[in-house]
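To keep things clear, I will list the structure first and then write my remarks on it.
Residue numbers (this note's numbering): 1 to 327.
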């Protein structure tokens with residue numbers, strides 16, 4: 001017989017219907033973009049028709065600013081002309097910069113394969129104008145992939161044990177790797193454009209009989225805009241393009257409507273032949289929640305029975321009741 005070790009494909013991106021909620025995990029330059037401490041937790045139940053064997057994904061992220069831009073208006077002495085130093089724009093731009101930091105953790109279960117990992121991101125935001133900033137970020141992630149042998153059947157019996165199965169049992173069945181990525185972002189309150197590259201460093205830290213293929217995604221491109229329809233309604237279209245290792249792009253096309261920054265809903269079309277409906281609500285300046293339902297538009301529809309995802313958001317120190325910078 002031919003012995004072939006099981007192959008797992010590394011992804012490095014959160015498996016989510018609402019990737020915009022976890023933007024720093026796709027592009028580390030997003031870390032620190034919000035002016036509040038941003039905590040998000042999600043649970044995704046994919047392909048519900050598979051029952052207890054359906055893939056399950058948990059994502060957790062926490063992003064905040066290490067350094068806020070200098071604001072002299074807080075305790076400034078006014079000159080004889082009645083203006084402050086900041087109003088004269090005397091503050092060097094470097095002192096208006098922002099340092100952002102973020103952490104993310106994930107736990108994935110897909111049949112016999114489970115992944116557990118986490119990462120840290122750092123970003124530097126430099127002001128180009130009063131409303132426009134350029135950010136550059138770098139992130140590191142460690143994840144462990146493990147195969148549960150109890151969920152695999154090799155036709156093993158006590159008389160003629162399978163050599164490959166015995167090798168897995170004796171040598172272990174998990175793989176740990178390190179990935180370092182980087183990204184850039186230009187943004188204002190009205191739009192953002194960013195890109196990232198994932199496998200700057202991609203190296204195994206611990207390996208066994210699992211073969212981990214090269215990263216399926218090589219990078220990403222993100223873009224979004226905000227249009228004011230009325231004093232209470234905003235439309236926010238966006239796209240996320242994931243650059244695959246075959247140099248093709250998997251693209252999500254999204255549009256959302258925000259009503260008084262409290263209720264929002266939207267739809268996404270994923271060119272992997274699926275549609276997503278999203279409904280979200282901000283209970284107050286501190287807590288928000290959103291639900292997404294994805295259904296396949298391909299032949300997979302008869303088997304998948306849809307995917308469900310719930311995201312909870314906690315915005316600490318959001319005293320000014322700010323709305324999210326990404327959508």
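All C-beta atoms in this analysis are idealised placements derived from N, C-alpha and C, irrespective of residue type, glycine included. Since the model is a prediction, treat every value here as computed from it, not as a measurement.
* To do: Taking 8 Å as the threshold, find out whether the segment 98-116 comes into contact with the segment 29-40 through three or more Cβ pairs.
  => yes
* Out of 122, 321, 198 and 59, point me to the one whose CA is closest to residue 244's CA. => As a position in the chain shown, residue 244 is number 244, starting the count at 1. Considering only alpha carbons, the answer is 198.
* Status (buried if at least 16 other CB within 10 Å, exposed otherwise) for residue 129 -> Your numbering for residue 129 matches position 129 in the chain shown. Classification of residue 129: exposed, given that the 10 Å Cβ count is below 16.
* Among all the DSSP beta bridges, which residues are the ones paired with residue 97? -> The residue labelled residue 97 in the question sits at position 97 within the chain shown. Looking at the DSSP assignment, residue 97 forms no beta bridge with any residue, so it has no partner.
* For residue 29, count neighbouring Cβ atoms within 10 angstroms of its own Cβ and tell me buried if that reaches 16, exposed if not. => The residue labelled residue 29 in the question sits at position 29 within the chain shown. Classification of residue 29: buried, given that the 10 Å Cβ count is 16 or more.
* Asked: Between 200, 176 and 90, which lies nearest to residue 139 when the distance is taken from Cα to Cα?
  -> By 1-based counting over the chain shown, the position of residue 139 is 139. Comparing Cα positions, the closest option is 200.
* How many Å lie between residue 207 and residue 145 at the Cα? -> The residue labelled residue 207 in the question sits at position 207 within the chain shown. The residue labelled residue 145 in the question sits at position 145 within the chain shown. C-alpha separation (whole angstroms): 10 Å.
* Asked: Which residues mark the beginning and the end of the alpha helix (DSSP H) in which residue 26 is found?
  -> Translated into positions along the chain shown, residue 26 becomes position 26. Run containing residue 26: 23-26, per the alpha helix (DSSP H) assignment.
* When the cut-off is 9 Å and only beta carbons count, does residue 36 lie next to chain B? -> Of the chains in the structure shown, none is chain B; there is only one protein chain.
* Since residue 143 contacts residue 115 with CB under 8 Å, what's their CB separation in whole angstroms? -> Within the chain shown, the letter at position 143 stands for residue 143. Within the chain shown, the letter at position 115 stands for residue 115. That pair is a contact at about 6 Å.
* **Residue environment, residue 204, which counts as buried when at least 16 other CB atoms sit within 10 Å** => Start at 1 with the first residue of the chain shown, and residue 204 comes out as number 204. Flag for residue 204 reads exposed.
* Asked: Does DSSP classify residue 216 as helix, strand or coil?
  -> Here residue 216 is taken as the residue at index 216 of the chain shown, counted from 1. Correct three-state label for residue 216: coil.
* Can you tell me the Cα-Cα spacing of residue 193 and residue 324, whole angstroms? -> Here residue 193 refers to the residue found at position 193 when the chain shown is read from its first residue. Here residue 324 refers to the residue found at position 324 when the chain shown is read from its first residue. Going from the Cα of residue 193 to the Cα of residue 324 covers about 15 Å.
* To do: Identify every run of the beta strand (DSSP E) within the segment 96-128, keeping only runs that are complete inside it and at least 3 residues long; order them along the chain.
  => 98-110 and 113-127
* Asked: Under three-state DSSP, which class holds residue 19?
  -> Start at 1 with the first residue of the chain shown, and residue 19 comes out as number 19. Helix.
* **Helix, strand or coil at residue 53 according to DSSP, with G and I counted as helix** => The residue labelled residue 53 in the question sits at position 53 within the chain shown. Helix, per DSSP.
* Since residue 270 sits in a beta bridge, which residues does DSSP pair it with? -> The count along the chain shown starts at 1 and reaches residue 270 at position 270. Paired residue(s): 252 and 274.
* Rounded to a whole number of angstroms, what is the C-alpha to C-alpha distance between residue 113 and residue 185? -> Here residue 113 is taken as the residue at index 113 of the chain shown, counted from 1. Here residue 185 is taken as the residue at index 185 of the chain shown, counted from 1. Straight-line Cα distance between these residues: approximately 34 Å.
* Leaving out five residues before and five after residue 234 in sequence, what residues of the same chain have Cβ atoms less than 6 Å from its Cβ? -> Looking up residue 234 in the chain shown gives position 234. 226, 228 and 258.
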